[in-house]
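One gets this note's numbering by counting positions in the sequence shown from 1 and adding 125 to each.
Using N, Cα and C, we set each Cβ at its ideal position, and we do this for glycine too.
Okay, so here's the structure we're looking at.
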Amino acid sequence: MLGAVTARASSTTLVGRQREMTQLSDALARARAGAPVAVLVGGEAGVGKTRLLEEFGRTIGDAARLLVGQCLELGEAGLPFAPFAAALRTVLRTDGAAVFEGYEAEFARLLPELARVPAGAAVPSAVAPSDAPRGYLFDLVAELFGRLAADQPLVLVVEDLHWADRSTRDLIGFLVRAARTARVLLVCTYRTDELHRGHPLRPFLAELDRARGVDRLELGRLDRDGTAAIVAGLLGTEPSARAVDDIHDRTQGNPLFIEELAAAGSPIGCAVLPETLRDLLLARVDRLPEPAQRVLRIAAAGGIRLAHHLLAEVAGLPEAELDDALRAAVAAQLLVADPDGDYEFRHALVREAVHDDLLPGEHARLHARFAAAVEAQPHLVAAGRAPAEIAHHWYAAHDHPRALTAARAAARAAADRYAYAEQSRLLERVLELWELVPDAAERLGMDHLALLEETLDAATTAGDYHRALTLTRAALAEVDTESEPLRAARLLDQRGRMLAMLGKSDGAAELRQAYELAAQVPDGPQRLRLLADLADHLARVDLIEGARIAAEVVQTVTAAGVQDAMLPVQLAVLWRGDSPDLGLAELRRCAGLARAAGEVPALVQALVHISDVLFELGRYEESARTAADGMIEARRVGISRSTGKYLLSNQAEALLALGRWAEADQICAKAARLDPPGVSGLHWLQLRAGLRLAQAHPNADETVGRALAFLSKPYLHPHNRLPLAELRIAAALATDDRDEARRAVEASLADPAVVAYPRYGWPVVAALARVARHTADGELAARVAALVTTVPARFPAERAYAAEVAATVAPGDDPLAAWRGAVTAWRAAGQPAALARVLLAFAEVAAGTGERDEVAAAVREAAAIADGLGATLLAEQAATLARRLGLRGAGRTGPGAELLTEREREVLRLVAEGHSNSRIAEQLFISPKTASVHVSRIIAKLDVRNRVEAAAVAHRLNLLADPS
């Protein structure tokens, strides 16, 4: 161990340091071979140097001896050789004084307790030897470490080298240069943010760099994924993307800061800095001279990064005085200067802490000066940022009239850059300030309802549907439906869509009311666009009514001869056409028109529909490619979170069908980062839940639970509800929960959408058939067989599902032929996971006919597919079937150990220790049933008969060691 852990919450899992762990492991391997090796681990405070070495020490276990010492913050005249004294004290405690071979008096200079001290006398402190005997002492230390490394390599860790006294540095330098064949790995850590220009460690590190066998390892900050992993580990659940973004932006990936913020806040972040963290951040600021502290406070009001000329304008100090203050802040590693003449806070949280420490009057004055400076000289900030900066500073200065007009101007500028989330935030500020500025309407040239509509549109485009719903209620309360029916209809349409998006209702009542109001208005572009929108959304609830309104729109547009000018109208109508084959060509024509006209939002909408139609037609490669192309366009115009999320889920769905599961998971992760609200974010979550279930992922239960929680929503469209029904059945089968499977079956059989929506209904029907087969339920099989006759099978995947279901519940006189047909159908459909599933079912049926070679080939192919996909559940089924049929080696293409997930390794360790399922459940915070499922999977993967054999195999193959 490297020392005691404080009471502060910290992550138990090392995150984002695989490359560094590999470097340290490689260094140890070289040291074991007798090469001289030293590793210098640098990084700012809190970046995880000690945590890295703790993990490294844990992983090496008994493979090497570990000695640890730490330098003390006592300055150059402090305690000499402190880290070596600590290391030798450990040696004395474990090996006894005999290890020093009669040189106790010499070693007493490093370890005073080795000296023979009369009873009652004080123990002398370590002293730095004079130059004459120092070389002799250093030789003795080197020889001692060589002897300690004779039987196993020695890892000597010296922490906090930035606090080292000269004697310690000299001894380290000697060990690095003197090492020749001793199997010693020397690892030293130091803080890069402590190394001011005159720090004595700087020339020492440069000198070490010239020595043979010295490696530098710079520990950087974590990326966003690393931040998310730490927060998830501390919270015990996956945090929202917005919370991760907030914490990552504020901490900039520093693990210590991440842990402090995550532990102090709620799952949605911590608005105020914890007291302990603020004190830590301000400690270095407090050590600056007062002029430098004053300039740092001014800079904090300006933001994380600001130009020298802007800072000089606001500070109003003589140049020499300003330069001296900035030089002190840079030397203290609080500010970083770049060649472009900008200054940036090294840590965003330092700026936040300094800014929060401003006095109220100081705060207002500084922000007012920044606002005036940027208004007068917009070039002092980054191009395009002046409106937002001006709005921010006038608001912070509490100048409400100026802040009102500046925020509106900044919102327009944000919209011009397609920065809709920023536009939405700025318009919310305008709404807030409206009540504080008596002549707001005159200043802005608009009424309050127009401002509400503008804010509503921005929130919708930015994908903030919860806020959009609230704004529709406020706007409808102000609109006069009699004098402005089209305006009211548009608001009702938006409200209906938001209700459906959030799963609060189907929105049909609002949509129908909007149609009635629109009927009172003469034809025109705005009315036609509204009717097309209503047709699109009503079709989700009532296909007949939606089609009727769509026909009305098509007739009007065609008669007016304005098809090219009404692209959004046509797209909404075409998407609801009866024939995907015919609609695809027209959708592509519209996409071409939109691209030529520069109508990027319409183009993105077209690509969403095209990728979806291509998937339905079984053209998965084209679907994935089209969705990826659409996402590029969506990002370009700032609609990733609104329209773009559908492209990501469409792309992930196509990749899953193609068997490119790793890529699909990456796309789902991108969708998760968008954090789409309500039901609009369900598609990617349902896909990822199904993927994790199939992979037996450690977080599968949680992800599946989050997805299935949507079933409690008051309203879910069938294209959301039916995939969840399939997932519910799959999860019940995976855990062999027959009661839950029965409940899921009855709910699905009672859902008329299974027949009305074949694309989403067929996977559910197939899942029902698998339940009937798994439970040997003849009655259920008959009900499913009857249901099959009512569901149309139009496209390749639907026909493959139909063949699979028929073979499962109604195979006829020749079951083998029925299953061969299912295999052929899925092979033609091009979905590897489904093919592996039916291959195993075919093999099981064929096993009773004596077709042993064909059975073995089917199991082997299914196992190969499962291994390639990373489909753990399928791989387990293949291994179990192979073992049951006596097909040794047919069910696995690699060692079973390679299929063990991280959670299964944890379970296996506890099994090897003799724990029961109940005890395992307590240790891992899972249910006993889940623990039992894990144990069963481990037994199947290791191809053993019971827990005892599993433990024996685990020890024999060293499966209980850390996987890294």
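(Q) So for Ala834, helix, strand or coil by DSSP? (A) Translated into positions along the sequence shown, residue 834 becomes position 709. In this structure, Ala834 counts as helix in the three-state DSSP scheme.
Q | Whole alpha helix (DSSP H) elements within the segment 797-834, 4-residue minimum | A | 807-820 and 825-833
Q: Let me know if Pro380 comes out buried or exposed under the rule of 16 or more other beta-carbons within 10 Å of its beta-carbon.
A: Along the sequence shown, one-based indexing puts residue 380 at 255. Its Cβ being crowded by 16 or more others within 10 Å, Pro380 is buried.
Q | Whole-angstrom distance between Ala991 and Lys629, CA atom to CA atom | A | Residue 629 sits at position 504 when you count from the first residue of the sequence shown. Residue 991 sits at position 866 when you count from the first residue of the sequence shown. Going by the C-alpha atoms only, they are around 39 Å apart.
Q) Is Val896 near Val934, with beta carbons less than 8 Å apart? A) Taking the first residue of the sequence shown as position 1, residue 896 is located at position 771. Taking the first residue of the sequence shown as position 1, residue 934 is located at position 809. The answer is no: Cβ separation not under 8 Å.
Q: Report the rounded CA-to-CA distance for Gln143 versus Glu180, giving the unit in angstroms.
A: Taking the sequence shown and counting its residues from 1, one reaches residue 143 at position 18. Taking the sequence shown and counting its residues from 1, one reaches residue 180 at position 55. The straight-line gap from Cα to Cα measures roughly 11 Å.
Q. Could you give the residue range of the alpha helix (DSSP H) that holds Val216?
A. Your numbering for residue 216 matches position 91 in the sequence shown. Where Val216 is concerned, the enclosing alpha helix (DSSP H) stretches over Ala207 to Asp220.
Q. What do you get for Ala1076, buried or exposed, if any count of 16 or more other CB atoms within 10 angstroms of its CB means buried?
A. If you number the sequence shown from 1, residue 1076 lands on position 951. Result: buried.
Q) Can you tell me the Cα-Cα spacing of Glu758 and Arg863, whole angstroms? A) The residue labelled residue 758 in the question sits at position 633 within the sequence shown. The residue labelled residue 863 in the question sits at position 738 within the sequence shown. Straight-line Cα distance between these residues: approximately 46 Å.
Q. So who's on the other strand from Phe470, going by DSSP bridges?
A. Position 345 of the sequence shown, counted from the first residue, corresponds to residue 470. Under the DSSP definition of a beta bridge, Phe470 partners with Leu460.
Q. Once you ignore the five residues that flank Ala614 on each side, which residues in its own chain have a CB closer than 7 Å to its CB?
A. Here residue 614 corresponds to residue number 489 of the sequence shown, with the count starting at 1. Closer than 7 Å at the Cβ level, and outside the excluded window around Ala614, lie Ala639, Leu642, Ala643 and Leu655.
Q. Which residues does DSSP pair with Arg316 in a beta bridge?
A. The residue given as residue 316 occupies position 191 in the sequence shown. Answer by DSSP bridge pairing, in chain order: Gly168.
**Q.** Cβ-Cβ separation, Thr293 to Phe209 (assumed contact under 8 Å), whole Å
**A.** If you number the sequence shown from 1, residue 209 lands on position 84. If you number the sequence shown from 1, residue 293 lands on position 168. 7 Å between Cβ atoms; contact.
Q) Taking His373 as the reference, which of Thr362, Ala336 and Arg346 has the closest Cα? A) The residue labelled residue 373 in the question sits at position 248 within the sequence shown. Ranking Thr362, Ala336 and Arg346 by Cα distance to His373 puts Arg346 first.
Q) First and last residue of the beta strand (DSSP E) that includes Glu343? A) By 1-based counting over the sequence shown, the position of residue 343 is 218. Unbroken beta strand (DSSP E) run through Glu343: Val339 to Glu343.
**Q.** Alpha carbon of Ala716 to alpha carbon of Ala357, nearest angstrom
**A.** For this step, residue 716 is matched to residue 591 along the sequence shown. For this step, residue 357 is matched to residue 232 along the sequence shown. Taking the straight line joining both Cα atoms gives about 41 Å.
(Q) For Glu1074, count the other beta carbons within 10 Å of its own beta carbon; 16 or more makes it buried, fewer makes it exposed. Which is it? (A) Locating residue 1074 in the sequence shown gives position 949, counting from the first residue. Result: exposed.
Q. Considering only residues of the segment 705-778, which uninterrupted alpha helix (DSSP H) runs meet the minimum length of 4 residues and lie entirely inside it, listed in chain order?
A. Qualifying alpha helix (DSSP H) stretches, in chain order: 705-722, 725-741 and 745-761.
Q | Terminal residues of the beta strand (DSSP E) in which Val1124 lies | A | The chain is shown only over 126 to 1089; residue 1124 falls outside these bounds and no answer can be derived.
Q.
On the criterion of 16 or more Cβ atoms from any shown chain inside 10 Å, does Arg533 qualify as buried, or is it exposed?
A. Counted from its first residue, the sequence shown places residue 533 at position 408. Label assigned to Arg533: buried.
Q. In this structure, does DSSP put Gln1093 in helix, strand or coil?
A. Nothing about residue 1093 can be reported from this structure: the residues present for the chain run from 126 to 1089 only.
Q) Considering only residues of the same chain and omitting the five flanking positions on each side of Glu378, which have a CB-CB separation below 7 Å? A) Taking the sequence shown and counting its residues from 1, one reaches residue 378 at position 253. According to the sequence shown, residue 378 is Gly rather than Glu. When the five nearest sequence neighbours on each side are left out, the beta carbons in the same chain lying within less than 7 Å of the beta carbon of Gly378 are those of Arg346, Leu347, Asp348, Gly351 and Thr352, in order along the chain.
Q.
By DSSP's criteria, Glu284 is part of a beta bridge. Which residues make up the other side?
A. Along the sequence shown, read from residue 1 onward, the residue named residue 284 stands at position 159. Looking at the DSSP assignment, Glu284 forms a beta bridge with Gln195.
Q | Beta-carbon separation (whole angstroms), Val678 vs Ala664, contact threshold 8 Å | A | For the purposes of this step, residue 678 is taken as residue 553 along the sequence shown, with counting starting at 1. For the purposes of this step, residue 664 is taken as residue 539 along the sequence shown, with counting starting at 1. That belief does not hold up - the Cβ atoms of Val678 and Ala664 are roughly 12 Å apart, past 8 Å.
Q: Measure the CB-CB distance between Val282 and Ile297 and report whether it falls below 8 Å.
A: Within the sequence shown, the letter at position 157 stands for residue 282. Within the sequence shown, the letter at position 172 stands for residue 297. Contact flag unset, no.
Q: Count the other CB atoms, across all protein chains shown, that sit within 10 Å of the CB of Ser1061; report buried if there are 16 or more and exposed otherwise.
A: In the sequence shown, residue 1061 corresponds to position 936, counting from 1. So Ser1061 counts as exposed.
Q) Expressed to the nearest angstrom, what Euclidean distance is found between the alpha-carbon atoms of Ala233 and Val339? A) Here residue 233 is taken as the residue at index 108 of the sequence shown, counted from 1. Here residue 339 is taken as the residue at index 214 of the sequence shown, counted from 1. Their Cα atoms are separated by approximately 29 Å.
Q | Inter-residue spacing [alpha-carbon to alpha-carbon] between Val1069 and Arg1009 | A | As a working mapping, residue 1069 is identified with position 944 in the sequence shown. As a working mapping, residue 1009 is identified with position 884 in the sequence shown. In a straight line, the C-alpha of Val1069 is about 12 Å away from that of Arg1009.
Q. Helix or strand or just coil, what does DSSP make of Ala510?
A. Against the sequence shown, residue 510 aligns to sequence position 385. Before going further, note that residue 510 is Arg rather than Ala in the sequence given. DSSP places Arg510 in coil when its eight states are reduced to three.
Q: Determine the contact status of Gln619 and Leu581, defining contact as a CB-CB distance below 8 Å.
A: Numbered from 1 along the sequence shown, position 494 holds the residue referred to as residue 619. Numbered from 1 along the sequence shown, position 456 holds the residue referred to as residue 581. Taking 8 Å as the Cβ cut-off, Gln619 and Leu581 qualify as a contacting pair.
Q. Which term fits Gly975, buried or exposed, when burial requires 16 or more other beta carbons within 10 angstroms of its beta carbon?
A. Against the sequence shown, residue 975 aligns to sequence position 850. When all chains shown are included, Gly975 counts as exposed.
**Q.** Cβ-Cβ separation, Leu616 to Leu601 (assumed contact under 8 Å), whole Å
**A.** For this step, residue 601 is matched to residue 476 along the sequence shown. For this step, residue 616 is matched to residue 491 along the sequence shown. At roughly 5 Å, the Cβ-Cβ gap stays under 8 Å, so Leu601 and Leu616 are in contact.
Q) Does the separation of the CB atoms of Ser549 and Ala583 fall below 8 Å? A) Taking the first residue of the sequence shown as position 1, residue 549 is located at position 424. Taking the first residue of the sequence shown as position 1, residue 583 is located at position 458. The answer is yes: Cβ separation under 8 Å.
(Q) On a Cα-Cα basis, can you pick out the residue from Leu728, Ala473 and Glu746 that is closest to Ile764? (A) Position 639 of the sequence shown, counting from 1, holds the residue named residue 764. Cα-wise, what sits closest to Ile764 is Leu728.
Q.
For Tyr840 and Lys174, I'd like the C-alpha separation in whole angstroms.
A. Mapped onto the sequence shown, residue 840 falls at position 715. Mapped onto the sequence shown, residue 174 falls at position 49. Distance between the alpha carbons of Tyr840 and Lys174 is about 50 Å.
Q | Same chain, Cβ closer than 6 Å to Trp559, neighbours up to 5 away in sequence not counted | A | The count along the sequence shown starts at 1 and reaches residue 559 at position 434. Cβ neighbours of Trp559 beyond the five flanking positions: Ala565.
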